[in-house]
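Residue numbers (this note's numbering), protein chains in the order written: chain A, 108 to 528; chain B, 76 to 197. For every residue, glycine included, the Cβ atom is placed at its ideal position computed from N, Cα and C.
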Amino acid sequence: MIHHELVIVGGGPAGLAAALGAYEEGLRDILILEREDQLGGILNQCIHNGFGLHTFKEELTGPEYASRFIREVLERKIPYKLGATVIDVSKDKVVTAVSQEDGLLLIQADAIVLACGCRERPRGAINIAGSRCAGIYSAGTAQKLVNIDGLKVGNEVVILGSGDIGLIMARRMTFEGAKVKAVLELMPYSSGLNRNIVQCLNDFDIPLYFSHTVVRIHGKDRVEGVTVAKVDDHLSPMMDTAFEIPCDTLLLSVGLLPENELARGCGVELSRVTSGAIVDENMMTSLEGVFECGNVLHVHDLVDFVSEEARNAGRSAARYLHKEISSDAEEIEIKTSGGIRYSVPQKILRNGDFSPIQFKMRVNNVYKNVEIVLLVDGEPVARKIKQIVTPGEMETLLAKEESVRRIKEGKEVEIALRRRG
Amino acid sequence: MRELICICCPLGCHIKVDDSDMADLKVSGNSCPRGAKYAKDEVTCPKRVVTSICPVEGGEIQMVSCKTKDSVEKRLIFDVLREIRGKRLLAPVHEGDVIVPDVMGTGVDVVATKTVLRRNDG
Numbered sequence: 108m109i110h111h112e113l114v115i116v117g118g119g120p121a122g123l124a125a126a127l128g129a130y131e132e133g134l135r136d137i138l139i140l141e142r143e144d145q146l147g148g149i150l151n152q153c154i155h156n157g158f159g160l161h162t163f164k165e166e167l168t169g170p171e172y173a174s175r176f177i178r179e180v181l182e183r184k185i186p187y188k189l190g191a192t193v194i195d196v197s198k199d200k201v202v203t204a205v206s207q208e209d210g211l212l213l214i215q216a217d218a219i220v221l222a223c224g225c226r227e228r229p230r231g232a233i234n235i236a237g238s239r240c241a242g243i244y245s246a247g248t249a250q251k252l253v254n255i256d257g258l259k260v261g262n263e264v265v266i267l268g269s270g271d272i273g274l275i276m277a278r279r280m281t282f283e284g285a286k287v288k289a290v291l292e293l294m295p296y297s298s299g300l301n302r303n304i305v306q307c308l309n310d311f312d313i314p315l316y317f318s319h320t321v322v323r324i325h326g327k328d329r330v331e332g333v334t335v336a337k338v339d340d341h342l343s344p345m346m347d348t349a350f351e352i353p354c355d356t357l358l359l360s361v362g363l364l365p366e367n368e369l370a371r372g373c374g375v376e377l378s379r380v381t382s383g384a385i386v387d388e389n390m391m392t393s394l395e396g397v398f399e400c401g402n403v404l405h406v407h408d409l410v411d412f413v414s415e416e417a418r419n420a421g422r423s424a425a426r427y428l429h430k431e432i433s434s435d436a437e438e439i440e441i442k443t444s445g446g447i448r449y450s451v452p453q454k455i456l457r458n459g460d461f462s463p464i465q466f467k468m469r470v471n472n473v474y475k476n477v478e479i480v481l482l483v484d485g486e487p488v489a490r491k492i493k494q495i496v497t498p499g500e501m502e503t504l505l506a507k508e509e510s511v512r513r514i515k516e517g518k519e520v521e522i523a524l525r526r527r528g
Numbered sequence: 076m077r078e079l080i081c082i083c084c085p086l087g088c089h090i091k092v093d094d095s096d097m098a099d100l101k102v103s104g105n106s107c108p109r110g111a112k113y114a115k116d117e118v119t120c121p122k123r124v125v126t127s128i129c130p131v132e133g134g135e136i137q138m139v140s141c142k143t144k145d146s147v148e149k150r151l152i153f154d155v156l157r158e159i160r161g162k163r164l165l166a167p168v169h170e171g172d173v174i175v176p177d178v179m180g181t182g183v184d185v186v187a188t189k190t191v192l193r194r195n196d197g
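Here's what the structure looks like:
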């Protein structure tokens with residue numbers, strides 16, 4: 108068994124930023140484990156632009172955004188292994204990985220950052236009737252087949268789900284010569300960005316049907332069409348509204364799930380809302396010395412936020428190894444109310460560290476003219492006014508030093524959404 | 076009359092532009108000045124950055140991703156894509172390499188957005 112002070116699981120945007128964060132805190136014994144043949148994660152196949160506006164004040168494509176971080180990791184000579192899949196993390200921080208080069212690899216770590224991202228919700232999770240014919244892909248799989256492997260996925264396409272990946276793929280497929288016949292969204296609103304609805308659908312006259320879903324897939328060897336129906340207020344299909352769309356391809360963009368098998372395996376406490384770990388302000392999970400960040404913690408919409416969060420997690424891991432922080436303190440639960448589904452971090456440690464804390468959260472519906480308020484024992488200590496909040500856009504609220512002091516000296520802490528006016 | 080959804084912020088205002096007089100566009104439905112500018116630009120000369128892929132021979136992967144270095148007129152999107160698809164590249168290709176110079180006479184280059192090394196180049 109080999110030993111490393113810090114093992115980072117995942118070499119995507121989160122893992123790379125975590126490594127840089129740890130390096131900045133003076134840590135050198137770092138190992139990144141990446142299961143693909145290159146660093147950069149999902150960004151490698153996200154060839155569209157719009158990444159990095161917050162961080163670099165310019166619009167980069169996914170590969171360009173990734174290469175800035177990869178370059179920094181290479182310059183600092185931070186070690187990494189490619190083609191190495193982590194299959195287990197134990198309670199005492201033994202990381203088990205498999206790779207063609209090393210076979211079975213056992214690493215004793217002193218700290219671990221889980222940065223393994225998320226995966227797409229598959230067909231099986233949404234129960235659509237029909238045979239298991241060819242031509243059904245998750246949107247991200249189609250994206251990889253087209254953008255990396257240069258394969259043609261289909262000619263006549265229906266996309267279920269109007270999340271950003273579905274929208275982006277509508278444009279990509281159109282660019283590749285396919286006809287995208289419709290994008291269907293179960294909800295009465297899209298979880299994708301307006302910008303993508305305009306530039307990926309409207310630009311090419313691709314119809315978007317809200318409150319519609321696929322009730323049946325036709326075809327035996329290959330998809331021949333789908334039956335689509337409008338759904339009622341309870342999201343149940345109304346069969347009298349059903350109609351058929353002939354197509355040879357169905358793309359599913361029906362949500363992302365944090366990939367938390369490793370965390371579950373070592374007994375890390377998970378949130379039922381985010382499906383990621385429950386973490387404190389240092390991004391430390393319930394297992395001392397194990398940290399989470401990026402899409403494995405909660406699904407982000409902007410990679411900039413992933414990088415920022417992961418850098419903090421990496422810094423925290425280094426500070427933990429340098430014995431500057433610990434989880435040895437009373438935990439204050441952060442409650443949420445008024446339409447806020449969750450906050451990350453979910454808990455704060457009652458100690459003397461009053462460094463600013465960035466809370467990230469999502470709402471459960473579209474609300475206009477609201478304020479996000481951080482309350483300590485009923486008293487507001489931080490607030491943010493928003494003209495609109497939507498489930499598709501992560502919100503943030505910064506608690507500055509004075510507010511953090513009040514949180515840590517208070518009893519009840521809550522983040523609430525309140526109507527204004 | 077043109078109807079647009081503003082993309083400047085999550086509000087997504089539904090903006091109407093009265094384009095009966097192109098010299099004097101009347102914008103309504105916007106909540107802020109950014110929306111008015113967006114709507115006028117969209118009606119007079121909409122532009123987009125085009126991103127796509129181009130085949131590479133002998134590379135560690137089959138395709139290199141690319142983009143127009145600046146935005147180009149929206150009506151040229153499919154011409155730009157055709158120009159890109161007509162190219163045959165040989166690995167290695169480096170991020171920033173020009174794939175199509177001055178695409179469609181726009182003065183904008185199409186450049187590679189990732190590095191594709193030769194197979195077994197390490």
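Selected residue, minimal CA-CA separation from residue 157 (chain B), among B:100, B:98, B:125, B:101: On the second sequence, position 82 is the one that residue 157 (chain B) refers to. Per the Cα distances, B:125.
Those residues which DSSP pairs with residue 334 (chain A) across a bridge: Taking the first residue of the first sequence as 1, we reach residue 334 (chain A) at position 227. Bridge partners of residue 334 (chain A): A:323, A:351.
Contact under 8 Å by Cβ, residue 196 (chain A) with residue 369 (chain A): One-based indexing of the first sequence puts residue 196 (chain A) at position 89. One-based indexing of the first sequence puts residue 369 (chain A) at position 262. The answer is yes: Cβ separation under 8 Å.
Ordered list of beta strand (DSSP E) runs contained in the segment 197–276 of chain A, each at least 3 residues: 201–206, 210–221, 225–227, 243–245, 263–267
Within chain B, partners of residue 170 (chain A) - CB distance below 8 Å: Here residue 170 (chain A) refers to the residue found at position 63 when the first sequence is read from its first residue. Result: 140, 170, 188, 189.
8 Å Cβ cutoff, residue 197 (chain B) in contact with chain A: Within the second sequence, the letter at position 122 stands for residue 197 (chain B). Low confidence applies here, because residue 197 (chain B) scores a pLDDT of 48, under 50, leaving its location unreliable; read the following figure in that light. Cβ-Cβ to chain A under 8 Å: no for residue 197 (chain B).
Bounding residues of the alpha helix (DSSP H) (the contiguous stretch that carries residue 71 (chain B)): What the structure shows of chain B is the stretch from 76 to 197, and residue 71 (chain B) is not part of that stretch, so it cannot be assessed.
N-terminal and C-terminal residue of the alpha helix (DSSP H) that residue 162 (chain A) is part of: Indexing the first sequence from 1 puts residue 162 (chain A) at position 55. Per DSSP, residue 162 (chain A) belongs to the alpha helix (DSSP H) from 160–163.
From B:185, B:147, B:165, B:107, residue whose alpha carbon lies closest to that of residue 132 (chain B): For the purposes of this step, residue 132 (chain B) is identified with residue 57 of the second sequence, where counting begins at 1. Per the Cα distances, B:165.
Own chain partners of residue 517 (chain A) with C-beta closer than 6 Å, once the 5 adjacent residues on each side are dropped: If you number the first sequence from 1, residue 517 (chain A) lands on position 410. Only 483, 484 meet the Cβ criterion.
Residues of the segment 114–137 of chain B whose Cβ lies closer than 7 Å to any Cβ of chain A, in chain order: 123, 124, 126, 127, 128, 130, 136, 137
Validate contact between the segment 349–364 of chain A and the segment 260–279 of chain A using beta carbons, cut 8 Å, 3 pairs: yes
Contact with chain A by residue 85 (chain B), beta-carbon distance below 8 Å: For the purposes of this step, residue 85 (chain B) is identified with residue 10 of the second sequence, where counting begins at 1. At least one chain A Cβ lies under 8 Å of residue 85 (chain B).
Run of the alpha helix (DSSP H) containing residue 154 (chain B), from where it starts to where it stops: Against the second sequence, residue 154 (chain B) aligns to sequence position 79. Per DSSP, residue 154 (chain B) belongs to the alpha helix (DSSP H) from 152–160.
Counterpart residues of residue 81 (chain B) in DSSP-defined beta bridges: On the second sequence, position 6 is the one that residue 81 (chain B) refers to. None; residue 81 (chain B) has no bridge partner.
Identity of the residues DSSP links to residue 147 (chain B) by a beta bridge: If you number the second sequence from 1, residue 147 (chain B) lands on position 72. Answer is B:123, bridged to residue 147 (chain B).
Nonlocal neighbours in the same chain, by C-beta distance under 6 Å from residue 197 (chain B), ignoring five residues either side: Walking along the second sequence from the start, residue 197 (chain B) turns up at place 122. For residue 197 (chain B), the predicted model reports a pLDDT of 48, less than 50, meaning its position is unreliable; a value from the coordinates is still stated below. Contacts found: none.
Residue 109 (chain A) at chain B interface by Cβ criterion, 8 Å: Within the first sequence, numbered from 1, the residue matching residue 109 (chain A) stands at position 2. No, its Cβ sits nowhere closer than 8 Å to a Cβ of chain B.
Short Cβ contact (8 Å threshold) for residue 343 (chain A) with residue 124 (chain A): Counting from 1 along the first sequence, the entry for residue 343 (chain A) is found at position 236. Counting from 1 along the first sequence, the entry for residue 124 (chain A) is found at position 17. No.
C-beta neighbour in chain B for residue 302 (chain A), strict 8 Å: For the purposes of this step, residue 302 (chain A) is taken as the residue at position 195 of the first sequence. So, interface residue.
Exposure label - residue 306 (chain A); buried when at least 16 CB within 10 Å: By one-based count along the first sequence, residue 306 (chain A) stands at place 199. That one is buried.
With 16 other Cβ atoms within 10 Å as the buried cut-off, status of residue 462 (chain A): As a first step, residue 462 (chain A) must be located in the first sequence, where it is residue number 355. Exposed.
Chain C contact residues for residue 80 (chain B), given Cβ-Cβ distances below 8 Å: The chain inventory of the structure shown lacks chain C, comprising the protein chains A and B.
is_contact[residue 149 (chain B), chain A] using C-beta, thresh 8 Å: Taking the first residue of the second sequence as position 1, residue 149 (chain B) is located at position 74. Judged by the 8 Å Cβ criterion, residue 149 (chain B) is in contact with chain A.
Rounded separation between residue 229 (chain A) and residue 528 (chain A) - CA only: What you label residue 229 (chain A) is simply residue 122 of the first sequence in a count that begins at 1. What you label residue 528 (chain A) is simply residue 421 of the first sequence in a count that begins at 1. Roughly 43 Å separates the two Cα atoms.
Cβ of residue 537 (chain A) within 8 Å of any chain B Cβ: One cannot answer for residue 537 (chain A) here, as it falls past the ends of chain A, which runs 108 to 528.
Neighbourhood of residue 88 (chain B) by C-beta, 7 Å cutoff - its chain only, sequence neighbours within 5 removed: Residue 88 (chain B) sits at position 13 when you count from the first residue of the second sequence. Cβ within range, chain order: 81, 104, 105, 106, 110.
Cross-chain neighbours of residue 156 (chain B) in chain A, by beta carbon under 7 Å: Residue numbering aside, residue 156 (chain B) sits at position 81 when the second sequence is read from its first letter. Result: 282.
Range covered by the beta strand (DSSP E) that runs through residue 506 (chain A): Stepping through the first sequence from its first residue, residue 506 (chain A) is reached at position 399. Residue 506 (chain A) -> beta strand (DSSP E) spans 502–506.
Three-state secondary structure assigned by DSSP to residue 378 (chain A): Residue numbering aside, residue 378 (chain A) sits at position 271 when the first sequence is read from its first letter. Three-state result, residue 378 (chain A): coil.
Inter-residue spacing [alpha-carbon to alpha-carbon] between residue 138 (chain B) and residue 258 (chain A): On the second sequence, residue 138 (chain B) is found 63 positions in, with the first residue counted as 1. On the first sequence, residue 258 (chain A) is found 151 positions in, with the first residue counted as 1. Cα to Cα, the separation comes out at about 10 Å.
Continuous alpha helix (DSSP H) stretch holding residue 461 (chain A): start and end: Position 354 of the first sequence, counting from 1, holds the residue named residue 461 (chain A). Element bounds for residue 461 (chain A): n/a, residue is neither H nor E.
Inter-stretch contact (C-beta, 8 Å, three-pair minimum) for the segment 379–391 of chain A and the segment 206–215 of chain A: no
Per-residue burial, residue 120 (chain B) [other beta carbons within 10 Å of its own, 16 or more giving buried]: Locating residue 120 (chain B) in the second sequence gives position 45, counting from the first residue. Exposed, since its Cβ has fewer than 16 Cβ neighbours within 10 Å.
Short CB-CB distance (under 8 Å) between residue 95 (chain B) and chain A: Reading the second sequence from its first residue, position 20 is the one you call residue 95 (chain B). So no, residue 95 (chain B) is outside the interface.
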